[in-house]
Amino acid sequence: MPVELKNKIYNGVKVCRPGFFKASPHSQSCSKCPPHSYTHEEASTSCVCEKDYFRRESDPPTMACTRPPSAPRNAISNVNETSVFLEWIPPADAGGRKDVSYYIACKKCHSHAGVCDECGGHVRYLPRQIGLKNTSVMMVDLLAHTNYTFEIEAVNGVSDLSPGARQYVSVNVTTNQAAPSPVTNVKKGKIAKNSISLSWQEPDRPNGIILEYEIKYFEKDQETSYTIIKSKETSVTAEGLKPASVYVFQIRARTAAGYGVFSRRFEFETIPVSVAASSDQNQIPIIAVSVTVGVILLAVVFGFLLSGSCCEWGCGRASPLCAVAHPGLMWRCGYSKAKQDPEEEKMHFHNGHIKLPGVRTYIDPHTYEDPNQAVHEFAKEIEASCITIERVIGAGEFGEVCSGRLKLPGKRELPVAIKTLKVGYTEKQRRDFLGEASIMGQFDHPNIIHLEGVVTKSKPVMIVTEYMENGSLDTFLKKNDGQFTVIQLVGMLRGIAAGMKYLSDMGYVHRDLAARNILINSNLVCKVSDFGLSRVLEDDPEAAYTTRGGKIPIRWTAPEAIAFRKFTSASDAWSYGIVMWEVVSYGERPYWEMTNQDVIKAVEEGYRLPSPMDCPAALYQLMLDCWQKDRNSRPKFDEIVNMLDKLIRNPSSLKTLVNASSRVSNLLAEHVSLGSGAYRSVGEWLEAIKMGRYTEIFMENGYSSMDAVAQVTLEDLRRLGVTLVGHQKKIMNSLQEMKVQLVNGMVPL
Ligand code: AMP
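My numbering numbers the first residue of the sequence shown as 10 and each following residue consecutively.
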């Protein structure tokens, strides 16, 4: 019997009994109270919400009462310098409503007192702080080296009616160091016919102590010939300019974290000779005095430096050192970008250990006569009693790698990794072992493995570094195949690129950049590790001897480095492209089982690795850019970092994936036949890769020969009902591998 018939009828009008209601007296029928509401009265016009349930004014009386959602779940963070990316999954209970959105509360916390303040208005939220519909957000412009707590609160249409506690999940993060923000405010000072004085304000977010400013300028429309002056002050005078000419100026600041980006362009014009002649009249005495004093000062202060190797090359081959030491010389030494090999420039720059305060470059420990001196210059000696070894976590070339704890007097106890030098070592082994510490100790960057110190005064000799909970990146990715969002993968790549930018700014060429040499911690922060000189390549099991006698990890190395040992930051950029490929394919081996010789041949002939499965087109394009044959056309690490930052800020740009059917085209002929391959039938092939369960589906859908199978795309697989990503991957990778081998004349088995 319909429920409403149970309600009484008085004078022909239906009166609703308890548990039922009629919103309008004119309506004919009574309705049962919607879920989570009740009425104990007769003739109710509405139902009352149960305890902890609510109804918005705009909710119709027939709608169930609802409650605030539970807290969001599984929040994860990804820190990049002073940006934090948060991602979470929706609450288990949406409260019965569809209008769930998220609000981000930001608190800045003082680590010592555990006190937190509101973050204030400088933080930017992308896309917004309130009313977030998506389950991710990015906060930018945070302060460097600061502890933040972010509370992600789920709210719905009745949250503000509930007196209950807020439902949120909180995430604690510490931001890293970051380069300074751009200089925005540049003012012209005195302008003469041959000089322009400028002054500017410190960037809004210095993110540390500003060590110096770099002022780049060039005559308008003559950008290829520019001049750089360095200044520790916020003002400078560019001299030796042409009268009545427009000059373009850009300024950037540098802290220990590196250079910030250049400011926008500021244009100023020198005055014509005729005007200058009259105005200069009055100033002759002042200039005469200042020039004389200036010349004497410069001669005294820099005479020593200039008499050394620094300016030996004369004009056109200026070292930036000269620029700092003698700004006046810069114009004549002003170099043409087009003619310069940046690597050579860097060589001169840090030749011979001349270091100016604030100008940090890598110093090759080989240049020390006594290698022990290098270790003690760059690494702190730790007393063995401060170290507790807990367990063995890996094997290095020189001995075991252990995890443990380091407790230095007056400092917090830290988890550390301890590399040991096995007993019975030779003097050369000791030198090579400690060489890594001499290199690592020169670096200070959140994406470079941090050296705590060395133990050399007792045995065993040890190198102590920060501990990276998830170990090396290649193994970690293989273990967690398919487990990360694209943004998380890009976050890892961004970290590696930032570390590499720092190394290339320091003038250090890694030579063995590969996922196995990246370590990853529990926050998924990736850090570049494995530093060495010749040793790097000696202990890498991937390194193979080339015809020229060097040992090189072929699959990761740029062609010019394999062919004539031209290792530069541009060859590191090639290796970075391979690391990108390893990361996006979750630790797949580059070029699969192709032999080193075949890899060299294929790359030389212009073939490149195909896109990994489900790879955003923008990432694959960046990989291809890194694999340009012409090393000068490859992106620089700062460009790579900028590009990845842009993608992280705009995650929708990662949604376009490389078209599954064109994935193979780059390394391979598009329509290669697999008929002459190792497998005689589709069934045999699928059995061999443990996918035999799909044989019938393949056969039924016309993929009955290996030639037909060669054309299968990811979409086809999905259509055939191969929905498990792991299975899709196995099948597509196997196809790809067979094609690679065929194209290179290598028929498997
Ligand atoms: P290596 O000699 O640097 O190649 O180190 C050998 C192995 O030890 C690596 O593959 C890692 O698994 C592990 N390892 C080295 N350094 C660390 C570290 N700082 N934190 C955690 N694991 C490490």
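By construction, the Cβ of each residue, glycine as well, lies at the ideal position given by its N, Cα and C atoms.
Judged by pairs of C-beta atoms under 8 angstroms, the stretch 376–391 does not touch the stretch 518–532, as fewer than three such pairs exist.
A residue is called buried when at least 16 other Cβ atoms come within 10 angstroms of its Cβ; T474 meets this threshold and is buried. A contact is defined here as three or more CB-CB pairs under 8 angstroms, and the stretch 104–117 meets this definition with respect to the stretch 149–162. The continuous alpha helix (DSSP H) containing S513 extends over residues 495–515.
In the DSSP secondary-structure assignment, L666 is bridged to P625. Separation of the CB atoms of P77 and V167 is rounded to 6 angstroms, and the pair is thereby assigned contact status at 8 angstroms.
Counting along the chain, no beta strand (DSSP E) covers P77, and no H or E run does either.
If you ignore the 5 residues before and after L656, its C-beta comes within less than 8 angstroms of the C-beta of V499, P625, A627, L628, S662, L663, all in its own chain and listed in chain order.
Along the stretch 586–668, the alpha helix (DSSP H) occurs as fully enclosed runs of 4 or more residues at 605–613, 626–635, 646–658, listed in sequence order. Sequence-distant Cβ neighbours of I85 in its own chain, meaning closer than 7 angstroms and more than five residues away, are E96. Distance between S580 and D373, taken at the CA atoms: about 19 angstroms. The continuous alpha helix (DSSP H) containing W694 extends over residues 691–697. Around the beta carbon of I218, fewer than 16 other beta carbons sit within 10 angstroms, so the residue counts as exposed.
Setting aside the 5 residues that flank it on each side, R214 is surrounded in the same chain by S190, each with a C-beta closer than 6 angstroms to its C-beta; the list follows chain order. Taking the Cβ atoms as the reference, A388 lies roughly 7 angstroms from S447, within the contact range of under 8 angstroms. In the structure shown, L95 falls within a strand segment according to DSSP collapsed to helix, strand and coil.
Fully enclosed beta strand (DSSP E) runs of no fewer than 3 residues occupy 156–164, 177–183, 195–200, 205–209, 221–228 of the stretch 153–232, in order along the chain. In the same chain as K229, and ignoring 5 residues on each side of it, the C-beta atoms closer than 8 angstroms to its own belong to S254, V255, Y256, V257, E276, in chain order. CA-to-CA, the gap between Q737 and P43 works out to about 46 angstroms.
The stretch 723–741 makes no contact with the stretch 567–585; the number of CB pairs closer than 8 angstroms stays below 3. For H119, no alpha helix (DSSP H) segment is defined; the enclosing uninterrupted segment is the beta strand (DSSP E) at 110–119. Listed in chain order, the beta strand (DSSP E) elements of length 3 or more contained wholly in the stretch 403–484 are 409–415, 423–429, 460–464, 471–475. As the crow flies, the alpha-carbon of N181 is around 7 angstroms from that of N156. Here N216 is buried: its Cβ has 16 or more other Cβ atoms, across all protein chains shown, within 10 Å. Taking each of G28, R598, S53, H49 in turn and checking the Cα distance to S36, the smallest one comes out for S53.
Y268 is bridged by DSSP to R263. As the crow flies, the alpha-carbon of N668 is around 11 angstroms from that of P619. When secondary structure is reduced to three states using DSSP, A247 falls in the strand class. K416 places its beta carbon less than 8 angstroms from that of C395. Spanning the alpha carbons of R64 and C58 requires a straight line of approximately 7 angstroms. Shown here, R64 sits in coil according to DSSP, grouped into three states, outside any helix or strand.
Relative to the ligand AMP, S578 has its C-beta separated by 7 angstroms or more from all heavy atoms. Cβ contact annotation for V195 (same chain, cutoff 7 angstroms, sequence separation greater than five): L207, W209, F258, I260, S272, F275, in chain order. Close CB contacts of R439 within its chain, under the 8 angstroms cut and outside five residues either way in sequence, are with L430, V470 (chain order). Cβ contact annotation for Y226 (same chain, cutoff 7 angstroms, sequence separation greater than five): Y235, T236, A247, Y256, V257, F258, in chain order.
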